[in-house]
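Novice: To start, I am sharing the structure in question, which I have written as structure tokens.
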Ligand code: FES
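Residue numbers (the numbering used here): 79 to 180.
The structure is reproduced here in structure tokens:
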């Protein structure tokens, strides 16, 4: 498992970019829950941590493509490829994910 940050590092409705090892992810805090996806947009050079979060939908600020942060599915073009998501494990104080399989 990988500890990404303290829960208190990410305000409600906010996004935090975290780099650890080979991973660069975006940590989202929505309605008391935490979600983690790759930070890089699957469409181009956009970083989702720079995007606009509306509920569970993240809009890339580069071409306004949108993904659902719960499952990474594309919900608005021009994105086509789903975003990688990471399972967040139960932890009292920190955002912790499973170590992703290669
Ligand atoms: S780079 Fe994200 S929508 Fe194009």
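Backbone N, C-alpha and C define an ideal beta-carbon position, used for all residues, glycine too. This one's a predicted model, so the numbers in the text were calculated from it and none came from an experiment.
Which of the three DSSP states, helix, strand or coil, is assigned to residue 168?
Specialist: Coil.
Novice: Taking the DSSP output, what are the residues bridged to residue 131?
Specialist: 136
Novice: For the beta strand (DSSP E) that residue 114 lies in, which residues bound it at each end?
Specialist: 111-116
Novice: Could you compute how far the alpha carbon of residue 104 sits from the alpha carbon of residue 155?
Specialist: 20 Å
Novice: What residues does the ligand FES have around it, judged by CB closer than 5 Å to any heavy atom, in chain order?
Specialist: 119, 121, 122, 124, 138, 140, 141 and 143
Novice: Figure out for me which residue from 132, 129, 122 and 85 has the closest Cα to the Cα of residue 111.
Specialist: 85
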